[in-house]
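Peer 1: I have a structure here, written as structure tokens, and I will follow up with some questions on it.
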Amino acid sequence: MNRTASPTSISTAQPEDFFQLLKPRVMSLVIFTAVTGLVVADGEIGWLTAAIAILCIAVGAGAAGALNMALEGETDALMRRTRGRPVAAGRVGKNDAMSFGVILSVFSVMLLGMATNWLAGGLLALTIAYYAGFYTLLLKRRTPQNIVIGGAAGAFPPVIGWAAATGAASWQAWLLFLIIFLWTPPHSWALALYSAGDYAKAGIPMMPVARGAKSTRLQILLYSLVFVPVAVAPGLTGLGGAIYLAVSIAGGAGFLFLAFRLWRSRAGDQPDKAEAVGREAALYDVRAEAKPARNLFAFSILYLMALFAALLVESMTSMMRL
């Protein structure tokens with residue numbers, strides 16, 4: 001008896017698509033801050049165990065990214081910045097991305113717990129659940145404070161690295177957490193100022209969409225005024241040395257200057273009709289006004305990396321002297 005085969009969709013996913021599910025650019029920052037936390041903690045951990053710990057943290061971060069893309073495929077498809085992602089573009093199915101994320105989550109948490117300790121494993125599990133569940137499903141579409149509360153997920157890696165090395169999470173580890181936590185709003189809102197149209201189209205109440213560009217610029221400045229002193233704090237508490245103190249003060253001054261200039265700008269404002277003579281002029285005005293936001297966004301990444309690089313260099317230099 002002949003049966004007519006029903007049409008089936010054939011997956012076009014390539015290995016690089018599954019790699020992109022891991023959000024490699026975000027993962028690279030996670031790895032860097034986790035390595036810093038692990039090394040600065042100066043715990044009794046072997047090189048092989050340390051390498052396994054960093055691998056697990058990286059895989060866990062990638063798992064959270066895959067789960068986020070699986071849950072946000074339809075939303076990502078509405079935004080220019082994210083519509084090329086594997087799920088949004090239809091190259092990877094939602095269920096495949098979800099399964100991929102769950103498998104990597106279980107693998108990374110279990111291996112980290114067994115290789116180091118269950119405090120580190122538990123913190124990694126919390127980070128994945130916080131980002132994929134609490135932030136993605138509950139916060140992102142419900143409040144303009146989404147990135148403030150959700151920023152905790154990106155701040156956990158140095159604490160996990162510290163816990164993996166020492167079996168504890170001391171106040172110094174939470175100071176590193178606080179630096180990233182307070183860095184996230186000005187960093188993310190600077191991006192949101194020149195991507196507000198995308199967020200509005202996707203129905204995401206990012207601060208510029210929900211409160212307007214002027215309010216967002218003010219909040220960026222206020223957060224920056226709190227963030228920079230906290231970023232300098234490790235240099236005053238013994239966690240960081242002279243190199244860190246110099247980098248944090250000089251970079252912090254640059255950060256505050258750019259935040260102040262952004263506050264004084266019109267970044268994120270929509271041009272008045274009288275100012276926009278023709279489509280090309282309107283586009284030029286918007287792009288020109290967005291420059292202060294772009295500058296702060298780019299500098300914020302360099303500043304955060306410089307802070308953690310200074311800690312890492314000082315710790316490794318100290319280890320080499322022993």
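If you're matching positions, the sequence shown starts at 1 in UniProt numbering and goes up one per residue.
From the three backbone atoms N, C-alpha and C, an ideal C-beta is built for every residue, glycine too.
(1) Distance check for alanine 246 and alanine 114, CA to CA, integer angstroms please.
(2) Taking glycine 65 as the reference, which of Gln145, Gly154, Trp118 has the closest Cα?
(3) Please report the straight-line C-alpha distance between lysine 291 and alanine 267, rounded to a whole angstrom.
(4) What is the C-beta distance between glycine 151 and proline 185, in whole angstroms, given that I count them as a contact (C-beta under 8 Å)?
(5) Do you know whose CA, among Val159, Arg141, Thr143, Thr116, lies nearest leucine 123's CA?
(6) Out of Leu262, Ala168, Glu16, Arg81, which one is the CA nearest neighbour of glutamate 289?
(7) Could you say which of Pro157, Gly101, Ala97 lies nearest to isoleucine 179 if we only look at CA atoms?
(8) Determine the closest residue to threonine 143 out of Leu22, Leu239, Met207, Ile243, with distance taken between C-alpha atoms.
(9) Starting from the C-beta of alanine 190, find all residues in its chain whose C-beta is less than 6 Å away, skip the five residues before and the five after it, and write them out in chain order.
(10) Which same chain residues, not among the five before or five after valine 40, have their C-beta less than 6 Å away from its C-beta?
(11) What separation, rounded to the nearest whole angstrom, lies between the Cα atoms of phenylalanine 308 and glycine 212?
(12) Quick one: residues in its chain with C-beta nearer than 7 Å to the C-beta of residue 365, no 5 flanking neighbours on either side, listed in chain order?
(13) If I follow the unbroken alpha helix (DSSP H) through lysine 201, where does it start and stop?
(14) With contact counted as at least three CB pairs below 8 Å, one residue from each stretch, are the region 30-40 and the region 91-110 in contact?
(15) In this structure, how does DSSP classify proline 144 when only helix, strand and coil are distinguished?
(16) Alpha carbon to alpha carbon, how far is residue 338 from threonine 12?
(17) Can you tell me whether DSSP reads valine 277 as helix, strand or coil?
Peer 2: The short version:
(1) Note on identity: in this sequence residue 114 is methionine, with alanine being the wrong assignment. Looking at the two C-alpha atoms, the distance is approximately 39 Å.
(2) Gly154
(3) 7 Å
(4) 7 Å
(5) Val159
(6) Leu262
(7) Pro157
(8) Met207
(9) Ala293, Leu296, Phe297
(10) Leu311, Ser315
(11) 33 Å
(12) The first residue shown for the chain is 1 and the last is 322, placing residue 365 beyond what the model contains.
(13) 196-202
(14) no
(15) coil
(16) The displayed coordinates of the chain run from 1 to 322. Any statement about residue 338 would go beyond what the structure contains.
(17) Note that valine 277 scores a pLDDT of 45, beneath 50, so its modelled location is shaky; the value from the coordinates is reported in the next line. Coil at valine 277, not helix or strand.
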